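Numbering that gives the first Met the number 0 puts the first residue of the sequence shown at 0, with every later residue one more than the last.
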Amino acid sequence: MHEQHRRLNANLIKIGSIAVGLLLWHALAAYAIKDPSLLVSPIVVAQTAYEMLFVTGELYPHLWASSWIFFYGFVLSIIAGVPLGFVMALSPRVRDYVNPWIATLYTTPRIAFAPVLLLWFGIGGGSKVAIVFLGCVFPILINSHYGMRVVNPEYVELARSFRLSSRALFAKILLPASIPFILAGIRLAIGRAASPASPSPNGSARPRDSAIWFSSPARH
């Protein structure tokens, strides 16, 4: 009962936080700034979203295109990030070799890669998938690496005392202990992939033509 009450209070606090934020947003847009070119009220956003979703339907093609770009970039980042993070955790030589590159690439703004990616992949979907990949792969890689490194050494020693093979040690001890960290990295990656640095499906779109218009290559 006490746990249910605590969860209810936590949910109410979250809902209240969102409501207060929306009210402050509306008050700032409607009564303080009073300039739609600088800040639009959430009411206007909701009305425009309703019109584009249920009246004209013009948002659906862009949502579909953005979804596929996100999907390909996100899946590729998991395929590349998780194994590389494991290899870095298990091999000090690989870790020492790769660490400087990760530190450099992770701290570089993704938009700085846009000209190079446009030259390599063109203005089509390839460059957009690459930008999403760069935003997702590093949180997943770093968390996978850290999750493997912080496994309790006592578990590893116990497994070795029972003569577990390296494959069994990885599958039964190291991998299960790393899963929470991998999931945390995936959660961070989703947020970075949906951030304003992610590309829009149509670089020449107007504000109403894309869900992620302000981050399109044409604007950068």
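Positions of the beta carbon are idealized from the N, C-alpha and C atoms, including for glycine. Source: prediction; values computed, not measured.
What do you get for residue i, buried or exposed, if any count of 16 or more other CB atoms within 10 angstroms of its CB means buried?
i	result
Ala223	Within the shown structure, residues of the chain are numbered from 0 to 219, placing residue 223 beyond reach of any answer.
Val131	buried
Lys220	A query on residue 220 cannot be resolved here, the shown segment of the chain reaching from 0 to 219 and no further.
Asn142	buried
Gly134	buried
Arg191	buried
Ala26	exposed
Phe53	exposed
Of the choices the options, whose alpha-carbon is the least far from that of residue i?
i	options	result
Ile110	Ala102, Gly124, Ala129	Ala129
Gly146	Gly184, Ala79, Ala167, Gly15	Gly184
Gly123	Val81, Arg148, Val54, Ser65	Ser65
Tyr105	Leu140, Tyr71, Phe85	Leu140
Arg148	Arg159, Leu174, Gly15	Leu174
Please report the distance separating the alpha-carbon of residue i from that of residue j.
i	j	result
Ala170	Ala188	24 angstroms
Trp63	Arg162	51 angstroms
Ala113	Asn98	23 angstroms
Asn10	Ile17	11 angstroms
Asn201	Arg6	Because the pLDDT at Asn201 is just 45, under 50, the model does not fix this residue reliably, and the value given afterwards should be weighed accordingly. Asn201 and Arg6: Cα-Cα distance of roughly 42 angstroms.
Ser76	Ile42	36 angstroms
Val19	Ala31	16 angstroms
His61	Pro35	23 angstroms
Ala28	Leu21	10 angstroms
Pro195	Leu157	Caution applies to Pro195, whose pLDDT of 47 falls short of 50 and renders its modelled position unreliable; the model cannot decide the point.
Arg94	Trp67	32 angstroms
Val136	Glu50	35 angstroms
Phe70	Ala193	11 angstroms
Thr55	Lys33	27 angstroms
Ser164	Thr103	36 angstroms
Trp119	Gly125	9 angstroms
Tyr59	His1	44 angstroms
Pro108	Gly121	20 angstroms
Could you check how far apart the C-beta atoms of residue i and residue j are, in whole angstroms? I think they sit under 8 angstroms.
i	j	result
Tyr154	Ile172	5 angstroms
Ile181	Val86	Their Cβ separation, rounded to whole angstroms, is 14 angstroms, which puts Ile181 and Val86 out of contact at 8 angstroms.
Val150	Ala176	4 angstroms
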